[in-house]
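**Student:**
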Amino acid sequence: MSPRGVLVAALLVVGVGVTLASCVGVLVMRDAFDRLHYTAPATTIAPLAIAAAVVLEESLSAAGIKALLVALVLLVTNPVLTHATARAARVRQFGEWTVQEGEQVKGEHP
Amino acid sequence: MNEWFVAALALLAGLVPCGVVCLRGDPVNRLVGLEMAGTVDTLVLLLLAQAYDRAIYFDLALALALLSFAGGMVFARFLERWI
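Chains as they are written, first to last, in my numbering: chain R, 1 to 110; chain F, 111 to 193.
#1: Would you grab the beta carbon distance between residue 189 of chain F and residue 141 of chain F for me? Rounded to a whole angstrom, and I think it's under 8 angstroms.
#2: For a contact defined as C-beta to C-beta under 7 angstroms, what are the partners of residue 128 of chain F on chain R?
#3: May I ask which residues mark the beginning and end of the alpha helix (DSSP H) holding residue 36 of chain R?
#4: I'd like the list of long-range same chain contacts for residue 64 of chain R, defined as Cβ closer than 7 angstroms, with 5 residues on each side in sequence excluded.
#5: Find out if the Cβ-Cβ distance for the pair residue 19 of chain R, residue 46 of chain R is shorter than 7 angstroms.
#6: Pair every Cβ in the stretch 120 to 138 of chain F with every Cβ in the stretch 165 to 182 of chain F, then say whether three or more of these pairs are closer than 8 angstroms.
#7: Checking contacts by CB at 7 angstroms: is residue 91 of chain R closer than that to chain F?
#8: Can you tell me where the alpha helix (DSSP H) with residue 167 of chain F in it begins and where it stops?
#9: Output needed for residue 13 of chain R: all residues of its chain with C-beta closer than 6 angstroms, excluding positions within five of it in sequence on either side, in chain order.
#10: Do you know offhand how far residue 38 of chain R's Cα is from residue 166 of chain F's?
#11: In angstroms with no decimal places, state the Cα-to-Cα distance between residue 7 of chain R and residue 152 of chain F.
This is how it looks when you write it as structure tokens:
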């Protein structure tokens, strides 16, 4: 096995291992806020490792560039999705929060 | 059967915990399970595209990444406002 093949296999093991560990973390945590933390490694480390493995195998061909693009899309969109989900969970738990009459909002001067 | 197929098959096992989360708890917990399953599916399609050695198959992973994001946002909005 060439050194490049060893590196590709190592990157694949990292990507698959991190994703499986995140799935188990999502399963065992108690509430939605704890669960949401475990979606982060699966959308940052794992896609970058797998895309790096594809680029090592194929160099920067159409396949390599598309793999990097998928990793970039996951990297950018997942924090937005996590924020929206956590906000939905909080609104369902405590109700919509609005500024009450006469309440002072921090950082805002009348 | 190369190492890419092995990695894709191993990742498919990660869908089981996501499915269990989707079947239990309140709607927001189920939504988190769905988002996680979408991420795992995207990575599986990425690995399968390289396993079959077709550059055009990477478009499937890209489409799923974008559409699972859009679907998750719609679910989060609905859970926040109306359901």
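Cβ atoms here follow ideal geometry from the backbone N, Cα and C, with glycine treated the same way.
**Tutor:** Considering the structure as presented:
#1: With a contact defined as Cβ atoms closer than 8 angstroms, residue 189 of chain F and residue 141 of chain F qualify at about 6 angstroms.
#2: Under the 7 angstroms cutoff, chain R gives 23, 26.
#3: Per DSSP, residue 36 of chain R belongs to the alpha helix (DSSP H) from 32 to 37.
#4: Only residues of its own chain outside the window of five on either side were considered, and among them 54, 55, 58 have a CB closer than 7 angstroms to the CB of residue 64 of chain R, listed in chain order.
#5: With a cutoff of 7 angstroms on beta-carbon distance, residue 19 of chain R and residue 46 of chain R are scored as near each other.
#6: The answer is no - the stretch 165 to 182 of chain F does not touch the stretch 120 to 138 of chain F, with fewer than three Cβ pairs under 8 angstroms.
#7: Chain F has a Cβ within less than 7 angstroms of the Cβ of residue 91 of chain R.
#8: No alpha helix (DSSP H) contains residue 167 of chain F, which DSSP labels as neither H nor E.
#9: Cβ within range, chain order: n/a, list empty.
#10: Whole-angstrom Cα-Cα distance: 31 angstroms.
#11: The straight-line gap from Cα to Cα measures roughly 22 angstroms.
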